[in-house]
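Here's the structure, in structure tokens; my notes come after.
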Amino acid sequence: MEHSEPHPPGLIASLAGVAKNGLRLVLSRVELAALELSEVRNHLVQLSVLFALSVLAAWFAIAFGTATLIYLVWEWLGWKILLILAVVFVIIAVALVMSIKKLILQGRLALSATMAELKADRDMLL
Numbered sequence: 030m031e032h033s034e035p036h037p038p039g040l041i042a043s044l045a046g047v048a049k050n051g052l053r054l055v056l057s058r059v060e061l062a063a064l065e066l067s068e069v070r071n072h073l074v075q076l077s078v079l080f081a082l083s084v085l086a087a088w089f090a091i092a093f094g095t096a097t098l099i100y101l102v103w104e105w106l107g108w109k110i111l112l113i114l115a116v117v118f119v120i121i122a123v124a125l126v127m128s129i130k131k132l133i134l135q136g137r138l139a140l141s142a143t144m145a146e147l148k149a150d151r152d153m154l155l
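Plus 29 on top of the position in the sequence shown (first one is 1) and you've got my numbering.
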């Protein structure tokens, strides 16, 4: 009995193999993107809860602190205490907005791993 060599796959089989590998690559990238999106969603939920709680606590602190301060220094400064407090609150608000902007610019909401893999795929294919 003669043992024959296996024939190399034909054009259709090769194209099917390429399509199959391409589909696997796309599916792995979609899975990675889904995983990162779930992480981003978790970070957004955590950020939202912390933000809401901090706003609530800040409002109570501001309200009671302001009322106490106004009561204590009204005879000494009069209406000027209201202007001083307004300036202080504006400075605090600007500092808070800058810290939120810094947190967003850190890239925690970006899909960095997915984008890196897609760039590597593009570089490899082109």
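Idealized CB from N, CA, C, for every residue including glycine.
Determine the direct distance from the alpha carbon of residue j to that of residue i, and round the result to whole angstroms.
{"i": "Arg29", "j": "Gly136", "result": "Within the shown structure, residues of the chain are numbered from 30 to 155, placing residue 29 beyond reach of any answer."}
{"i": "Ala86", "j": "Val59", "result": "40 angstroms"}
{"i": "Leu112", "j": "Ala122", "result": "15 angstroms"}
{"i": "Val126", "j": "Phe80", "result": "12 angstroms"}
{"i": "Lys130", "j": "Ala124", "result": "10 angstroms"}
{"i": "Val84", "j": "Gln75", "result": "14 angstroms"}
Closest by CA to residue i, which one among the options?
{"i": "Glu65", "options": "Thr143, Arg151, Asp150, Asp152", "result": "Thr143"}
{"i": "Phe118", "options": "Ala92, Leu134, Ile133", "result": "Ala92"}
{"i": "Glu146", "options": "Ala90, Gly39, Leu56", "result": "Leu56"}
{"i": "Asp150", "options": "Ala45, Gly39, Asn50", "result": "Asn50"}
Can you tell me where the alpha helix (DSSP H) with residue i in it begins and where it stops?
{"i": "Trp105", "result": "40-106"}
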